[in-house]
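So the sequence shown is numbered by my numbering: it starts at 1113 and just counts up by one.
In what follows, a single structure is set out as structure tokens and then discussed.
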Amino acid sequence: MHVFIIGITGGVGSLLVADLIQRGDTVTGLVRRPEQAQHLQQQGITATVGHLTQLTPAALAEHIGTADAIVFTAGAGGSQDATTAIDGDGVVTAIAAADLLPNRPRFGLVSVFPEAWRERDLGEDFDHYIDVKKHAEVALTQSDLDYVILRPSALQDDPGVGTVALGPAQIHDTITRADVAATLAGLLHETRISRQILEATAGDTPIAEAISHATRG
């Protein structure tokens, strides 16, 4: 499988690269700076340089090329305007780009629990982030693409444990970025999971087994 990652140098994206390569996949992606592309090239990964907020769908489609799947795991992590531009409009651009490609690539979107940290009253910026993520999900579900949306709970940088709780609804808790990446890699390859939204958090089920269970609805 050839997977194109938007957010390839991010916390989840960089870990996803390793998981996919271990599976024998070809990985390409989009980066903002030439030095990022050079660093990835040293690892045998081809990345093209472009600013997502400045790309038209047609231009992004050229970057994606013949990829079998697109993964959107980029995030702004800044102002409301940046969140809208990357987490919202960026997803819409990627959906439109996928629509232009003759092979209609599978689309993996890393999203967020709708109720994430609602008890913490984190303010307008976080409320805006949740709202933008929801609208991005809606845009993807209303497309004709083959997609899987993965909502991880609060991301941690601890080493992965190889187990998760995965399903249509989970309780928001924590999960390692490594386990999110491993779950996403498995989901991309499980074509029986199509046009579904799944939530993932720390759990006791081995990732491959959890994905297998998810195919049963």
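Glycine residues also receive a C-beta, built at the ideal position from the N, C-alpha and C atoms.
Inclusion of R1263 and V1224 in the CB contact set at 8 Å is warranted, their separation being smaller than that value. If the five residues before and after T1317 are omitted, its C-beta is found closer than 8 Å to the C-beta atoms of T1275, V1276, A1277, L1278, H1325, all from its own chain and listed in chain order. Beta-carbon to beta-carbon, V1139 and V1115 are separated by about 5 Å, close enough to satisfy the 8 Å threshold. Contact annotation: I1182 and A1210 have beta-carbon atoms nearer than 8 Å. Here Q1308 carries a strand assignment [DSSP, helix/strand/coil].
Annotated as distal: E1321 and P1280, with beta-carbon spacing of 8 Å or more. DSSP places V1260 in the strand class (E or B) of the three-state scheme. In the DSSP secondary-structure assignment, V1276 is bridged to T1317. For I1117, the enclosing beta strand (DSSP E) starts and ends at 1114-1118. Counting of Cβ neighbours within 10 angstroms places Q1153 among the exposed residues, the total staying below 16.
Between A1248 and L1221 the beta-carbon gap is near 7 Å, inside 8 Å, which marks them as a contact. Between G1119 and F1184 the beta-carbon gap is near 7 Å, inside 8 Å, which marks them as a contact.
Our two residues, G1141 and T1288, have alpha carbons roughly 22 Å apart in a direct line.
L1300 is the residue among T1168, T1160, L1300, A1194 whose C-alpha sits nearest the C-alpha of P1217.
In this model, V1143 and T1295 are separated by some 23 Å (Cα to Cα). Secondary structure at T1196: helix, using DSSP grouped into helix, strand and coil. Scanning D1285, A1293, Q1308 for the CA closest to the CA of G1315 turns up D1285. As the crow flies, the alpha-carbon of I1319 is around 30 Å from that of G1177.
If you ignore the 5 residues before and after E1302, its C-beta comes within less than 7 Å of the C-beta of I1323, T1327, all in its own chain and listed in chain order.
The straight-line gap separating the alpha-carbon atoms of D1137 and Y1259 is approximately 18 Å.
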